[in-house]
Amino acid sequence: MYDIEALYEAESVAHAVALLEEHREARIIAGGSDVLIHIRAGRLAGSVLVSIQKLDVLRGVSLEEDGTIRIGALTSFSRIAQDPVIQTHLGVLAEAVSLIGGPQIRNIGTIGGNTCNGVSSADSAATLMALDAVMEYQGPEGKRLVPIQSHYVAAGKTALGRAELLTAIGIPQESYRRCYGHYLKYAMRNAMDIATLGCSVNVRLTEDKRRLERVRIGFGVAGPVPIRSPRAEAAVQGEPVGEAALEAAGTGALRDVQPRSSWRASRELRLHLVPELTKRALRCSIRHAGGRI
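Residue numbers for the sequence shown follow the numbering used here, so the first one is 305 and each next one is one higher.
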């Protein structure tokens, strides 16, 4: 059924790195919801695989001393959605990962796999962009931290170097302190479908709830890789809460995106969706933050 040349079971993170060094063409496998499909389809036939499935040290969510929320790369979508730290501080991430596939996929799929396959349609990616996530890599030279905007290099390609693997994703306190977000996914079906376009917004309002103090806007399938929209963010930074801010965000977002046509949707449809999803997600985020709009 599966054309696999060899499968190695890592006993620790250091062992996984050593196996990747020894087998230079090897691929990491965790949940397998992406890799096994590609192997069965023949795109990765004859692969050498390094399994990290047994590395429980890479699972779970923790709140670190500096306020960073650390999510292990092997943490499943189901566990993320149900975790009390996530539900308390990062409801928007629970919202986003709950839209991935069906229950079976969410039980085996991992946040690490979803971000390391490099695809723009990954439902977690736009939200992690809006949360200024930091990716934790482990490799032969030790640990290095990479901002998520530098993690995505090109379609299907990340900044992971030779023999490196993703061990965790960190969300800095600045990204969730008094911040509220909302993720919108447009797809042809209401369930078990890949996003035609995804938009995630993260907002902090001033104490009086009348102005936008901090705004982050992330997109999936609006370019070859998941992106942030700096023009949309700048257009509403410090502005009064109101319809004018929503319009400015939608207009600004159009200046940053570079969607393409595919069998799933045309470029023109995606360009039509960008300002609409931006305005809707921003409106919901403002309301979650206590603003009136």
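Note that beta-carbon positions come from the ideal geometry of N, C-alpha and C, so glycine has one too.
Quick check: the Cα distance between residue i and residue j, rounded to an integer number of angstroms?
i	j	result
E551	H327	52 Å
A585	V519	12 Å
G465	E329	12 Å
S570	V525	11 Å
When you compare each of the options to residue i by their alpha carbons, which one comes out closest?
i	options	result
I404	D360, A499 and I333	A499
D598	I373, S337, E315 and R347	This structure does not reach residue 598, given that the chain is present from 305 up to 597, and the question cannot be answered.
I308	K447, M433, V505 and V354	V354
Y484	G395, V525 and A467	G395
R482	R508, P528, D387 and R344	R508
G554	E543, E580 and L573	E580
R383	S454, G346 and A398	A398
A426	Q442, K447, A491 and Y312	A491
V317	T582, R344, A400 and A467	A467
T510	E368, Q541 and C503	Q541
What's the call for residue i, buried or exposed, on a 16-neighbour Cβ count within 10 Å?
i	result
T392	exposed
Y306	exposed
N494	exposed
I375	buried
L378	buried
D387	buried
I390	buried
V457	exposed
R596	exposed
Helix, strand or coil for residue i per DSSP?
i	result
H576	helix
T431	helix
V602	Look at the range of the chain in this structure, 305 to 597, and you will see that residue 602 is not part of it.
G556	helix
R482	coil
A320	helix
T462	strand
E326	helix
K513	coil
I498	coil
L378	coil
G395	helix
V529	coil
Contact check, residue i vs residue j under 8 Å by CB: the rounded distance?
i	j	result
G422	S380	At roughly 20 Å, the Cβ-Cβ gap does not stay under 8 Å, so G422 and S380 are not in contact.
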